[in-house]
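Undergrad: I have a structure here, written as structure tokens, and I will follow up with some questions on it.
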Amino acid sequence: MKKIMNTSLALSFALLLSACGMPSSEELTGDVKEAQEKVKNVQVKVTGKEEGSSDYQVNGVQEFDFKSKAGYINTKMNGEELKMYHDGDETLAVAGEESTKVQGEEKKYVTALINNARELQQNPIRYYQKYDKNLPDEFDVTEKDKEYVLTFNGEKDKKQKIVAGDAKAYYKITNQGSDTAVDLDQVKGKDFSLVVTIDKETKQIKKVVKNQSYSVNVDGKTENSKSKQTYTYTYNQLDNVTKPKVEAKAAAASTDSSTETPNKEKQAAYAKEAGQYVDALIQATVYQNTDQFVAKHPNQQDKKQVKEKGEFQKSSFVEFFETNFKGALSSLSSNITDEQLNEVSSAFLKALSSTKYTIKDAAYSDEDDAYVVQVEIQGFNDASVLAEVMTPLAEKYQAGELSNEQLVNELIDGVAKRYREPVELLPAKTVPVHVVRNGEQDYEVLMQDEYLLTFAQQS
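Note that the sequence shown covers residues -19 to -1, 1 to 440 in mature numbering (1 follows the signal peptide of the UniProt record, and there is no 0).
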């Protein structure tokens, strides 16, 4: 759920308002977001140390191609090396001298780790914003030579929330199929710091230094963890992401029946459930209807838990929209009130309520190692709707006819009013939505933008 609005149009206002000298935190993080989204591939040098139930030094390299989604992680901990690789065709793991093509639950584990690392390394600021929607506003900006430095200055409770959220996401991945019992409800964030070094000319991230500490309950015992990691970035220099060599013998051994892909009968049943989940998720996000999320969800046994998930998806959708709207208008963000954000998001939901969709088909894809749900959507041209309001206001501002406060008021009023008016639906478009299975009747959409950006189209 990354964009759900036309950030390029909104950013034109940020450019109009940019002042000479030091950029604000909002301006700089907006520029960084735009720069990082243009990156084709990245190689990340990783160094650090971990202190907890066991202490170890960490170093390694990560490589990601953002178009093909290929990813490679090479991690050395106290001399022990682990290599992991995933693309659309293969998932590989190499530990010491043992190499294998992984399948089943282990494949989900490796894929989830690589996908999570890819999201982090494409833009660490956006990654941690998942846990603190106001993160772009909460940095101190300094400069030295050819660099800007962003230092996170959020309140203590914000830091604890970020650490707890990130740790829970990590344990949710690593605890799958493990004999170790981690109580996710008992993960407690303690401290967090983030320093991001940015190239002045390109606005790309050069280096990130992250410190964090938290406690976690493992098998009934409280364990404390403290870590420091440094990431150093090199962009667009990879011909191909490194692919580990796998021994034929090990690859053959990995075809154990316990890890094989589900048979065709199970695939068909799971695909049907994946389609039901996408149907439910669209109801909770686009249409803000948790009752329909519960009614359409494949899990009809635990409706209380399903409803809680629906409420989370419903509120998260609104939070992401408001964060993206405010973040895109970075230079104006300090002038935008919570009431105005609520007004715009409410109007945006009104526009979305007139859209239409149909779940057309769902099937398992060997290539993607996911269930692909085909959704036919009649959305509207969000970029055109926003341009109707933004273009004349930009001209008035450039002519000196509006102050910042007047610009904000007219912008918010104009956008909200236009969203509440009828929007013309575009011809139906069918889009694939990729879904993974996280347990019995439990599913997850890998990228909600796969459907969201057709409901509110950006071009």
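Here a beta-carbon is modelled for each residue, glycine too, at the ideal position from N, C-alpha and C.
So the alpha helix (DSSP H) Asn97 belongs to, where does it begin and stop?
TA: Here the question's residue 97 lines up with position 116 in the sequence shown. Segment Gly85 to Gln103, the alpha helix (DSSP H) holding Asn97.
Undergrad: For the region 16 to 74, list the beta strand (DSSP E) runs that are entirely contained and at least 3 residues long, ordered along the chain.
TA: 22 to 32, 37 to 46, 52 to 58 and 61 to 67
Undergrad: Please report the Cβ distance between Pro279 and Glu254, rounded to the nearest whole angstrom; I am assuming they are in contact, meaning their Cβ atoms lie under 8 Å.
TA: Counting from 1 along the sequence shown, the entry for residue 279 is found at position 298. Counting from 1 along the sequence shown, the entry for residue 254 is found at position 273. Right, the Cβ-Cβ distance comes to about 4 Å (below 8 Å), so this counts as a contact.
Undergrad: List the DSSP bridge partners of Arg418.
TA: Reading the sequence shown from its first residue, position 437 is the one you call residue 418. Paired residue(s): Tyr424.
Undergrad: Using CA coordinates, which residue listed in Asp118, Ala343 and Lys14 is at the minimum distance from Ile179?
TA: Walking along the sequence shown from the start, residue 179 turns up at place 198. Selected option, being the one with the closest Cα: Lys14.
Undergrad: Closer than 8 Å by C-beta to Ser238: which residues in its own chain qualify, once you throw out the five before and the five after it? Chain order, please.
TA: Numbered from 1 along the sequence shown, position 257 holds the residue referred to as residue 238. Bear in mind that a pLDDT of 38 at Ser238, under 50, signals an unreliable position, so the model cannot answer this.
Undergrad: I'd like to check one pair, Val354 with Val275: are the Cβ atoms closer than 8 Å?
TA: Along the sequence shown, read from residue 1 onward, the residue named residue 275 stands at position 294. Along the sequence shown, read from residue 1 onward, the residue named residue 354 stands at position 373. No, the Cβ-Cβ distance between Val275 and Val354 is not below 8 Å.
Undergrad: On a Cα-Cα basis, can you pick out the residue from Val287, Gln167 and Lys209 that is closest to Lys30?
TA: By 1-based counting over the sequence shown, the position of residue 30 is 49. Minimum Cα distance to Lys30 is reached at Lys209.
Undergrad: Buried or exposed, going by whether 16 or more other CB atoms sit within 10 Å of the CB of Gly11?
TA: Counting from one through the sequence shown, the residue named residue 11 turns up at place 30. Buried, because 16 or more other Cβ atoms sit within 10 Å of the Cβ of Gly11.
Undergrad: Roughly how many angstroms separate the alpha carbons of Ala150 and Val227, rounded to a whole number?
TA: Here residue 150 refers to the residue found at position 169 of the sequence shown. Here residue 227 refers to the residue found at position 246 of the sequence shown. In a straight line, the C-alpha of Ala150 is about 29 Å away from that of Val227.
Undergrad: Taking C-alpha atoms, which residue in Gln257, Val197, Ser346 and Leu333 lies nearest to Asn244?
TA: Indexing the sequence shown from 1 puts residue 244 at position 263. Nearest to Asn244 by alpha-carbon distance, out of Gln257, Val197, Ser346 and Leu333, is Ser346.
Undergrad: What is the DSSP secondary structure of Val396, reduced to helix, strand or coil?
TA: The residue you call residue 396 lines up with position 415 of the sequence shown. Note: Val396 maps to helix in three-state DSSP.
Undergrad: Could you round the C-beta distance between Ala351 and Leu427 to whole angstroms and report it? I think they count as a contact, below 8 Å.
TA: Your numbering for residue 351 matches position 370 in the sequence shown. Your numbering for residue 427 matches position 446 in the sequence shown. With a Cβ gap of about 7 Å, Ala351 and Leu427 count as contacting.
Undergrad: Output the boundary residues of the beta strand (DSSP E) element that contains Gly170.
TA: Taking the sequence shown and counting its residues from 1, the one referred to as residue 170 is at position 189. It spans Val163 to Asp180 - the beta strand (DSSP E) in which Gly170 sits, taken as one unbroken run.
Undergrad: Residue range of the alpha helix (DSSP H) that Ser365 falls in?
TA: As a position in the sequence shown, residue 365 is number 384, starting the count at 1. Element bounds for Ser365: Asp363 to Gln379.
Undergrad: List the DSSP bridge partners of Ile186.
TA: Counting from 1 along the sequence shown, the entry for residue 186 is found at position 205. Bridge partners of Ile186: Ile179.
Undergrad: Can you tell me which of Asp394, Gln84, Lys285 and Arg107 puts its alpha carbon nearest to the alpha carbon of Asn305?
TA: Translated into positions along the sequence shown, residue 305 becomes position 324. The option with the nearest alpha carbon to Asn305 is Arg107.
Undergrad: Would Ile317 pass as a contact of Val370 if the rule is Cβ separation under 8 Å?
TA: As a position in the sequence shown, residue 317 is number 336, starting the count at 1. As a position in the sequence shown, residue 370 is number 389, starting the count at 1. The answer is no: Cβ separation not under 8 Å.
Undergrad: Report the three-state DSSP secondary structure of Pro117 (helix, strand or coil).
TA: For the purposes of this step, residue 117 is taken as the residue at position 136 of the sequence shown. Helix.
Undergrad: Go through its chain and collect everything with a Cβ distance to Ile(-16)'s Cβ below 7 Å, but skip five positions before and after it.
TA: The count along the sequence shown starts at 1 and reaches residue -16 at position 4. Residue placement at Ile(-16) is flagged as unreliable, the pLDDT there being 46, under the threshold of 50; the coordinate-derived value follows with that caveat. Once the five neighbours on either side are set aside, the close Cβ partners of Ile(-16) are Phe301, Phe302, Asn305, Leu433 and Ala437.
Undergrad: I'd like to know if the region 328 to 336 and the region 390 to 402 are in contact, where contact means that at least 3 CB-CB pairs between them fall below 8 Å.
TA: yes
Undergrad: In angstroms, rounded to a whole number, what distance separates the CA positions of Lys26 and Thr215?
TA: Mapped onto the sequence shown, residue 26 falls at position 45. Mapped onto the sequence shown, residue 215 falls at position 234. Taking the straight line from one Cα to the other gives about 8 Å.
Undergrad: Under 7 Å Cβ to Cβ from Glu405, same chain only, skipping five residues before and after it: list those, please.
TA: Along the sequence shown, read from residue 1 onward, the residue named residue 405 stands at position 424. Around Glu405: Phe361.
Undergrad: With distances taken from CA atoms, which of Thr271, Lys277 and Lys307 is nearest Gln294?
TA: Counting from one through the sequence shown, the residue named residue 294 turns up at place 313. Among Thr271, Lys277 and Lys307, the Cα nearest to that of Gln294 belongs to Thr271.
Undergrad: What separation, rounded to the nearest whole angstrom, lies between the Cα atoms of Gln167 and Lys285?
TA: Here residue 167 refers to the residue found at position 186 when the sequence shown is read from its first residue. Here residue 285 refers to the residue found at position 304 when the sequence shown is read from its first residue. Going from the Cα of Gln167 to the Cα of Lys285 covers about 21 Å.
Undergrad: Could you tell me the distance, in whole angstroms, from the CA atom of Thr372 to the CA atom of Asp363?
TA: Numbered from 1 along the sequence shown, position 391 holds the residue referred to as residue 372. Numbered from 1 along the sequence shown, position 382 holds the residue referred to as residue 363. Taking the straight line joining both Cα atoms gives about 14 Å.
Undergrad: Compare the Cα-Cα distances from Leu219 to each of Ile393, Tyr37, Ala409 and Phe47 and report the closest residue.
TA: The residue labelled residue 219 in the question sits at position 238 within the sequence shown. It is Phe47 whose Cα lies nearest to the Cα of Leu219.
Undergrad: Excluding the 5 residues flanking Met3 on each side, which residues of the same chain have their C-beta closer than 7 Å to its C-beta?
TA: Translated into positions along the sequence shown, residue 3 becomes position 22. Val122 and Glu124, listed in sequence order.
Undergrad: When the Cα atoms are used, what is the spatial distance from Glu182 to Val130?
TA: Counting from 1 along the sequence shown, the entry for residue 182 is found at position 201. Counting from 1 along the sequence shown, the entry for residue 130 is found at position 149. Roughly 13 Å separates the two Cα atoms.
Undergrad: Which ranges would you report for the beta strand (DSSP E) in the region 323 to 356 if only whole runs of at least 3 residues count?
TA: 337 to 346
Undergrad: From Glu357 to Arg99, what does the alpha carbon distance come to, in whole angstroms?
TA: Within the sequence shown, numbered from 1, the residue matching residue 357 stands at position 376. Within the sequence shown, numbered from 1, the residue matching residue 99 stands at position 118. When rounded, the separation of the alpha-carbon atoms in Glu357 and Arg99 is 29 Å.
Undergrad: Quickly, what does DSSP pair Gln438 with across the bridge? List them, please.
TA: Along the sequence shown, one-based indexing puts residue 438 at 457. Per DSSP, Asn362.
Undergrad: At what residues does the alpha helix (DSSP H) containing Gln269 begin and finish?
TA: Position 288 of the sequence shown, counted from the first residue, corresponds to residue 269. Looking at the DSSP string, Gln269 is not in any alpha helix (DSSP H), and its letter there is neither H nor E.
Undergrad: Just confirm the distance between the C-beta atoms of Gly33 and Ser206, as a whole number of angstroms; I'd bet it's less than 8 Å.
TA: Working through the sequence shown from its first residue, we reach residue 33 at position 52. Working through the sequence shown from its first residue, we reach residue 206 at position 225. Cβ atoms of Gly33 and Ser206 come within 8 Å of each other, at about 4 Å.
Undergrad: How big is the Cα-Cα spacing for Val190 and Val177?
TA: Here residue 190 is taken as the residue at index 209 of the sequence shown, counted from 1. Here residue 177 is taken as the residue at index 196 of the sequence shown, counted from 1. The straight-line gap from Cα to Cα measures roughly 7 Å.
Undergrad: Identify, in the order they occur along the chain, each residue of the same chain with its Cβ nearer than 6 Å to the Cβ of Ile143, setting aside the five sequence neighbours on each side.
TA: Here residue 143 refers to the residue found at position 162 of the sequence shown. Once the five neighbours on either side are set aside, the close Cβ partners of Ile143 are Tyr109, Tyr112, Asp113 and Phe173.
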